[in-house]
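Here's the structure, in structure tokens; my notes come after.
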Amino acid sequence: MASNQSINLAASVEKLLGNHPGGPLSIKAAIKMLRDKTGTERSDADIEGLITKKAAACGVPIVSDREI
């Protein structure tokens, strides 16, 4: 069973991608916004993976600008 935090993060990613006006989405900015909105404690790499997977499914281009 998924935790509420995981569901909240996934729903927030879907909303972010659905409302994205076009052009490439900055991973760095998206992670910051999602952390501020959801308070998630998941790692940046985890969040980036979720964004990347959902963005590919939605056809939203991303910029991988997160420092590793």
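Following my numbering, the numbering of the sequence shown begins with 31 at its first residue and continues without gaps. Glycine included, C-beta positions come from ideal geometry on N, C-alpha and C.
Alpha carbon of residue i to alpha carbon of residue j, nearest angstrom
i, j, result
"Ala99", "Thr68", "Examination of residue 99 is not possible in this model, given that the chain is present from 31 through 98 alone."
"Glu78", "Asp66", "15 angstroms"
"His50", "Asn38", "18 angstroms"
"Gly52", "Asp76", "23 angstroms"
"Met31", "Gly48", "Low confidence applies to Met31: its pLDDT is 41, below 50, so where it sits in the model is not reliable, and the reading given next is rough at best. The alpha-carbon atoms of Met31 and Gly48 are separated by roughly 25 angstroms."
Assigned exposure category for residue i - 16 Cβ within 10 Å defines buried
i, result
"Ala60", "buried"
"Val93", "exposed"
Neighbourhood of residue i by C-beta distance below 6 angstroms, restricted to the same chain and skipping five residues each side
i, result
"Ser42", "Leu64, Lys67 and Thr68"
Close Cβ partners of residue i (< 8 angstroms) along its chain, the five nearest in sequence each way excluded
i, result
"Ala85", "Leu47, Leu55, Pro91 and Ile92"
Could you name each continuous alpha helix (DSSP H) segment of 4 residues or more that falls completely within the stretch 52 to 91, going from the start of the chain to the end? 57 to 68 and 74 to 88
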